[in-house]
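Asker: Its first residue numbered 590, the sequence shown is counted upward by one per residue in the working numbering. For every residue, glycine included, the Cβ atom is placed at its ideal position computed from N, Cα and C. These numbers come from a predicted model, not from an experiment.
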Amino acid sequence: MKHTPWVQRPFAAALAFFCVCMILLAMRPLLAVDETRYLTVAWEMWNGGSKIVPHLNGEVYSHKPPLLFWLINIVWLAIGPAEWAARMVAPAAGAVAIMMTGRLSQTLWPDDDARPGRAAWMLATGGVFLSFGSATMFDTLLTVAVLGGMLALWSLAQRLSAKAILTLGAALAFGVLAKGPVVLLHVLPVALALPLWQPAPAGRSVMVRYLGSLGLAVLVALVLVSLWLVPALVFGDAGYRNDILWRQSAGRMVQSFAHDRPMWFFLALLPLYLWPWGWGREILGIWRRPVLPQVRFLLLWAGATTLAFSLISGKQIHYLVPVLPAVALLLSGSAVTTRKSWARFLPLLPAAICVGLGAAVVFRMIPPQQLDGNSVGATEVALAAGVLAAMSGLVCQNRSPMAFRALVAPATLLIVQLIAFQSLWQTNNPARLAAVLATHADAGIATVDAGYAGQFSYSA
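(1) According to DSSP, which residues form a beta bridge with Gly903?
(2) Count the other C-beta atoms from every protein chain shown that fall within 10 angstroms of the C-beta of Met590, then say buried if there are 16 or more, exposed otherwise.
(3) Helix, strand or coil for Leu645 per DSSP?
(4) With DSSP as the reference, label Ala1039 as helix, strand or coil.
(5) CB Ser1048 to CB Leu619, shorter than 8 Å?
(6) When we look at the beta-carbon of Lys640 and count the other beta-carbons within 10 Å, is it buried (16 or more) or exposed?
(7) When you compare only the Cα positions, how much space is there between Met954 and Ile942?
(8) So is Phe846 buried or exposed if we call it buried at 16+ other beta carbons inside 10 Å?
(9) Give the range of the alpha helix (DSSP H) segment to which Leu1013 is assigned.
(10) If we count the other Cβ atoms within 10 Å of its Cβ and call it buried at 16 or more, is Glu633 buried or exposed?
(11) Indicate the three-state DSSP secondary structure (helix, strand or coil) for Lys640 in the structure shown.
(12) Helix, strand or coil: how does DSSP classify Asp728 here?
(13) Relative to the C-alpha of Pro1117, which candidate in Thr690, Val1025 and Gly715 has its C-alpha closest?
(14) Would a C-beta distance cut-off of 8 Å place Gln1011 and Val965 closer than the cut-off?
(15) What is the residue span of the alpha helix (DSSP H) that Ala671 lies within?
(16) Mind pulling the alpha helix (DSSP H) runs of 4 or more residues that sit fully within the stretch 692 to 760?
(17) Can you tell which of Val765, Gly975 and Leu888 has its C-alpha closest to the C-alpha of Leu656?
(18) Looking only at its own chain, which residues have a Cβ that is under 7 Å from the Cβ of Val843, when we skip the five neighbours before and after it?
(19) Which residues mark the beginning and the end of the alpha helix (DSSP H) in which Asp623 is found?
(20) Look up Met954 in the DSSP assignment and say whether it is helix, strand or coil.
(21) Whose C-alpha, out of Val819, Pro882 and Gln986, is nearest the C-alpha of Trp789?
(22) Could you compute how far the alpha carbon of Arg598 sits from the alpha carbon of Pro914?
(23) Find the nearest neighbour of Pro936 within the set Ser744, Gly715 and Ala760, judged by alpha-carbon distance.
(24) Determine the extent of the alpha helix (DSSP H) in which Val812 is found, giving its start and end residues.
(25) Using the rule of at least 16 other Cβ atoms within 10 Å of the residue's Cβ for burial, across every protein chain shown, is Arg793 buried or exposed?
(26) Take the Cβ of Asn636 as the centre, count every other Cβ of all protein chains shown within 10 Å, and call the residue buried at 16 or more, exposed below.
(27) Who are the near neighbours of Gly828 in its chain, counting only those whose CB is closer than 8 Å to its CB and skipping five residues on each side?
(28) Relative to the C-alpha of Ile833, which candidate in Val1025, Pro643 and Ala1035 has its C-alpha closest?
(29) Exposed or buried, Thr629, counting other C-beta atoms within 10 Å across all chains shown (16 or more means buried)?
(30) Closest by CA to Lys768, which one among Leu808, Val678, Met726 and Ser744?
(31) Buried or exposed: Asp728, going by 16 or more other Cβ atoms within 10 Å of its Cβ?
(32) Nearest to Ala762 by alpha carbon, out of Leu730, Val797 and Ala780?
(33) State buried or exposed for Ala631, treating a residue as buried only when at least 16 other CB atoms are found within 10 Å of its CB.
(34) So what's His1029 in DSSP terms, helix, strand or just coil?
(35) For my contact list, Ala891 and Val916 are in at a C-beta cut-off of 8 Å; report their separation, rounded to the angstrom.
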């Protein structure tokens, strides 16, 4: 086996991802309503609330399972209930997902020493994965579960073993505890489509044993999930039982009660999911090579999941974050190249647009009344323009296409947060109002807003 430089290993990509996330988080406050809500739920669990049934504003919170809140509380046990400690949990899960992507690449292509590193870097510096991976949400945890399931499925396709069955069951259980039964939409379509991607044709008896192994894995998952679910159903009220068993899973699939989008929503966002690694010849390289079992496996993973979520009315950009490792693995088969024309600047287009909009605000080309109370600082715009200029200089040199492409999304997100810096900290910072509320906490504070989602509770 050839020696792989340290910087090309999946661990290096995971470490770089985590460090970039910490920089991005230091530049922005907690974002309402998701991040503020989830930290409030974790805080109520920490502050004497139930460890089995999550609560928000003193009421049962049935929208999400408890794994994220448990992990935040575990970190707080070791460090204390600090905001920065809680915000490390989701990026840490993202780093684990990046290393697991490298592991899956090594499993699929054991003779290609360079591919695990490329796949890990492509995931770590993908725009959507980096954006949502740095946020305190559930998607990186679900991505870890899906990757564990895919590793187990490929192993089962090679040889039916107790280890693979237990691994698949544990991955499904982890996914359910992370974000609910939605993990089945990611894993089961690929599992049931074995004849379309299996490395070697299997007879009827092998298929029967394989399906039996899937059933055992689901049983293992049910047993593990029941360790939490049974007590939760006992201690929760009737509304909680209805939400957990129906409304928050099957109910969303039958008819969405939130985030209703058209069927073509994810297809329209395809350039965003591919940015910046699929904005060149790399995307064409997938189809120019023979469609090997590994490629069919990844295409089914990405395609079946996207189709399933497209048929469900409720859609959000981050719902497909667990599919992004499959995209990175597919793209990692081609060496990154850049053309000698203007097209090589294409991945920098989002950054250029952001700088242009920021400059338009600074030079009063956009009326202040259209900003809805937000503001953009001239210093921040100048810094953002400097970052864009430095990235453009790297493109002009054209010496290391892989290194340049790895910097595109981190630099663009840095530019976005520089442009939005004043608005984030002056207008959208929950800590500002929380500081006022905290002075009245002993007297008791109530709200008549039925839609209050705990935006200030943790900060206060």
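Answerer: Straight from the coordinates:
(1) By 1-based counting over the sequence shown, the position of residue 903 is 314. Per DSSP, Asp849.
(2) For the purposes of this step, residue 590 is identified with residue 1 of the sequence shown, where counting begins at 1. Caution is warranted here: a pLDDT of 43 is assigned to Met590, below 50, making its placement in the model unreliable, and the coordinate value is therefore given only provisionally. Label assigned to Met590: exposed.
(3) On the sequence shown, position 56 is the one that residue 645 refers to. Residue state, collapsed to three classes: strand.
(4) For the purposes of this step, residue 1039 is taken as residue 450 along the sequence shown, with counting starting at 1. Here Ala1039 sits in coil by DSSP.
(5) Counting from one through the sequence shown, the residue named residue 1048 turns up at place 459. Counting from one through the sequence shown, the residue named residue 619 turns up at place 30. Note that the C-beta distance between Ser1048 and Leu619 is below 8 Å.
(6) Counting from 1 along the sequence shown, the entry for residue 640 is found at position 51. So Lys640 counts as exposed.
(7) Taking the first residue of the sequence shown as position 1, residue 954 is located at position 365. Taking the first residue of the sequence shown as position 1, residue 942 is located at position 353. Going by the C-alpha atoms only, they are around 15 Å apart.
(8) Stepping through the sequence shown from its first residue, residue 846 is reached at position 257. Reliability of the predicted coordinates at Phe846 is poor, the pLDDT of 47 falling under 50, and the value obtained from them is presented with this limitation in mind. Exposed, since its Cβ has fewer than 16 Cβ neighbours within 10 Å.
(9) Sequence index remark: in the sequence shown, residue 1013 carries index 424 (1-based). First-last of the alpha helix (DSSP H) with Leu1013: Phe1010 to Gln1015.
(10) Sequence index remark: in the sequence shown, residue 633 carries index 44 (1-based). Glu633 comes out buried.
(11) Numbered from 1 along the sequence shown, position 51 holds the residue referred to as residue 640. DSSP places Lys640 in the coil class of the three-state scheme, outside both helix and strand.
(12) The residue given as residue 728 occupies position 139 in the sequence shown. In the structure shown, Asp728 sits in a helix (DSSP, three-state: H, G or I).
(13) Residue numbering for the chain in the displayed model covers 590 to 1049; residue 1117 lies beyond these limits and cannot be assessed.
(14) Along the sequence shown, one-based indexing puts residue 1011 at 422. Along the sequence shown, one-based indexing puts residue 965 at 376. Yes.
(15) Walking along the sequence shown from the start, residue 671 turns up at place 82. Taken as a continuous stretch (DSSP letters only), Ala671 belongs to no alpha helix (DSSP H), as it is neither H nor E.
(16) Taking 4 residues as the shortest admissible run, the stretch 692 to 760 contains the following complete alpha helix (DSSP H) segments, listed from N- to C-terminal end: 704 to 713, 716 to 722 and 728 to 747.
(17) Translated into positions along the sequence shown, residue 656 becomes position 67. The residue with the shortest Cα to Cα distance from Leu656 is Val765.
(18) Along the sequence shown, read from residue 1 onward, the residue named residue 843 stands at position 254. Because Val843 sits at a pLDDT of 49, beneath the cut-off of 50, its placement in the model cannot be relied upon, and the following sentence gives the value as read from the coordinates. Cβ within range, chain order: n/a, list empty.
(19) Your numbering for residue 623 matches position 34 in the sequence shown. For Asp623, the enclosing alpha helix (DSSP H) has its first and last residue at Asp623 to Trp635.
(20) As a working note, residue 954 is residue 365 in the sequence shown. Of the three classes helix, strand and coil, the one that applies to Met954 here is coil, per DSSP.
(21) Within the sequence shown, numbered from 1, the residue matching residue 789 stands at position 200. The question names Trp, yet the displayed sequence has Ala at residue 789. It is Pro882.
(22) Translated into positions along the sequence shown, residue 598 becomes position 9. Translated into positions along the sequence shown, residue 914 becomes position 325. If you take the alpha carbons of Arg598 and Pro914, they lie about 16 Å apart.
(23) Within the sequence shown, residue 936 is the residue found at index 347, counting from 1. The option with the nearest alpha carbon to Pro936 is Gly715.
(24) Numbered from its first residue, the sequence shown carries residue 812 at position 223. Residues Arg793 to Phe824.
(25) Indexing the sequence shown from 1 puts residue 793 at position 204. By the 10 Å Cβ count, Arg793 comes out exposed.
(26) As a position in the sequence shown, residue 636 is number 47, starting the count at 1. Around the C-beta of Asn636, fewer than 16 other C-beta atoms lie within 10 Å, and the residue is accordingly described as exposed.
(27) Within the sequence shown, the letter at position 239 stands for residue 828. Correct list, in chain order: Val649 and Ser651.
(28) For the purposes of this step, residue 833 is identified with residue 244 of the sequence shown, where counting begins at 1. When each option's Cα is compared against that of Ile833, the closest is Pro643.
(29) Counted from its first residue, the sequence shown places residue 629 at position 40. Buried, because 16 or more other Cβ atoms sit within 10 Å of the Cβ of Thr629.
(30) As a position in the sequence shown, residue 768 is number 179, starting the count at 1. Comparing Cα positions, the closest option is Met726.
(31) As a working mapping, residue 728 is identified with position 139 in the sequence shown. The C-beta of Asp728 has 16 or more other C-beta atoms within 10 Å across all chains shown, which makes the residue buried.
(32) The residue labelled residue 762 in the question sits at position 173 within the sequence shown. The residue with the shortest Cα to Cα distance from Ala762 is Leu730.
(33) Your numbering for residue 631 matches position 42 in the sequence shown. Its Cβ being crowded by 16 or more others within 10 Å, Ala631 is buried.
(34) Stepping through the sequence shown from its first residue, residue 1029 is reached at position 440. Reduced to three states, the DSSP call for His1029 is coil.
(35) Sequence index remark: in the sequence shown, residue 891 carries index 302 (1-based). Sequence index remark: in the sequence shown, residue 916 carries index 327 (1-based). Contact between Ala891 and Val916 holds, since their C-beta atoms are separated by about 6 Å, short of 8 Å.
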